[in-house]
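Encoded as structure tokens, the structure appears first; notes follow it.
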Amino acid sequence: MMRSSIRRKKSEIARPDSFFSSELAEMPLGWVRDLSQAANEVNEELIQNLIEQIPAEKANLAIALQELLENFRLDVILRLTKLFIGE
5 MMRSSIRRKK SEIARPDSFF SSELAEMPLG WVRDLSQAAN EVNEELIQNL
55 IEQIPAEKAN LAIALQELLE NFRLDVILRL TKLFIGE
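Residues are numbered in my numbering as their position in the sequence shown, beginning at 1, plus a constant of 4.
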């Protein structure tokens, strides 16, 4: 039990805001707005659906957002998307 918990912690690498800024810049603005709204409404199902829409070549973004979702860090998703869309 502890080993999997330790492994999980190691895989959760914090990414700088600059990573998210550059990755979100390559996603459609409407998608980013939808992600922001879903995070604001704590709509985990919609966030999961939006993550699944991320193209394979943006897998790093999908992984990072999935980790935030799984760790209940919707506050971080909301902050990053609001920074990006200028709210």
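Just so you know, even glycine gets a beta-carbon here, dropped at the ideal spot from N, CA and C.
>> Helix, strand or coil, according to DSSP, for glutamate 45 in the structure here?
In response: coil
> What first and last residue would you give for the alpha helix (DSSP H) that runs through glutamine 57?
Replying inline: Per DSSP, glutamine 57 belongs to no alpha helix (DSSP H) and is neither H nor E.
>> My assumption, with CB atoms under 8 Å, is that leucine 113 sits in contact with isoleucine 55. Please give the rounded CB distance.
In response: No answer is possible for residue 113: it lies beyond the span of the chain, which begins at 5 and ends at 91.
> At which residues does the alpha helix (DSSP H) containing asparagine 75 begin and terminate?
Replying inline: Counting along the chain, asparagine 75 falls outside any alpha helix (DSSP H), and DSSP gives it neither H nor E.
> How is the alpha helix (DSSP H) around glutamate 27 delimited, first residue to last?
Replying inline: Bounds of the alpha helix (DSSP H) holding glutamate 27 are 21–29.
>> Using the three-state DSSP reduction, which class does glutamate 71 fall into: helix, strand or coil?
In response: helix
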